[in-house]
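Structure record follows, encoded as structure tokens.
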């Protein structure tokens with residue numbers, strides 16, 4: 041029985057290595073694209089086209105994670121972010137540097153994570169990353185809504201110090 045467990049773990053390791061090997065090159069290109077998008081967002085070259093490209097790249101990241109049973113549960117969070125980005129109007133969004141900077145941080149975090157996972161193969165708790173990303177997206181949504189004047193008084197988008 042012990043030998044069977046060892047064989048199963050070894051097989052899972054090989055499957056995950058094959059999966060990571062398969063997508064490593066694609067992730068390297070995605071990573072470079074995400075870095076360029078962040079640079080564009082931080083410059084005066086930020087346009088609606090930049091957001092459209094970001095949406096597509098986030099969908100691509102989601103598709104990579106959807107390709108394995110080990111990571112498919114993370115895929116929806118990237119889809120959610122891509123859908124949110126699709127609804128951002130660059131003219132409004134550009135007025136609010138905090139929201140734009142926060143989106144840049146989120147995209148940078150996604151980029152860092154996919155590099156850790158697929159390239160460096162440094163595995164951290166995927167659920168922790170998923171929860172962190174989900175919280176970051178929710179905070180961005182609330183903060184941007186408040187910037188647009190569409191927030192509730194106590195919506196959690198601001199920190200209170202006592």
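Numbering (my numbering), first residue to last: 41 to 202.
Positions of the beta carbon are idealized from the N, C-alpha and C atoms, including for glycine.
Item: Would you mind reading off the limits of the alpha helix (DSSP H) that contains residue 97?; Value: 88-106
Item: What's the C-alpha gap between residue 186 and residue 73?; Value: 30 Å
Item: My output table needs one value for residue 83: the three-state DSSP class, helix, strand or coil.; Value: coil
Item: Identify, in the order they occur along the chain, each residue of the same chain with its Cβ nearer than 7 Å to the Cβ of residue 217, setting aside the five sequence neighbours on each side.; Value: Here the chain has residues from 41 to 202 only, and residue 217 is not among them.
Item: Buried or exposed for residue 83, going by 16 or more other Cβ atoms inside 10 Å?; Value: exposed
Item: Leaving out five residues on either side along the sequence, give the residues of the same chain with a beta carbon under 6 Å from the beta carbon of residue 126.; Value: 95
Item: Taking 9 Å as the cut-off, decide whether the C-beta atoms of residue 177 and residue 101 are in contact.; Value: no
Item: Figure out for me which residue from 179, 184 and 171 has the closest Cα to the Cα of residue 113.; Value: 171
Item: Under 7 Å Cβ to Cβ from residue 139, same chain only, skipping five residues before and after it: list those, please.; Value: 133, 180, 183, 184 and 187
Item: Run the CB neighbour count on residue 175, radius 10 Å, all protein chains shown included, and call it buried at 16 or more, exposed below.; Value: exposed
Item: Residue 141 lies in the alpha helix (DSSP H); which residues open and close that run?; Value: 137-154
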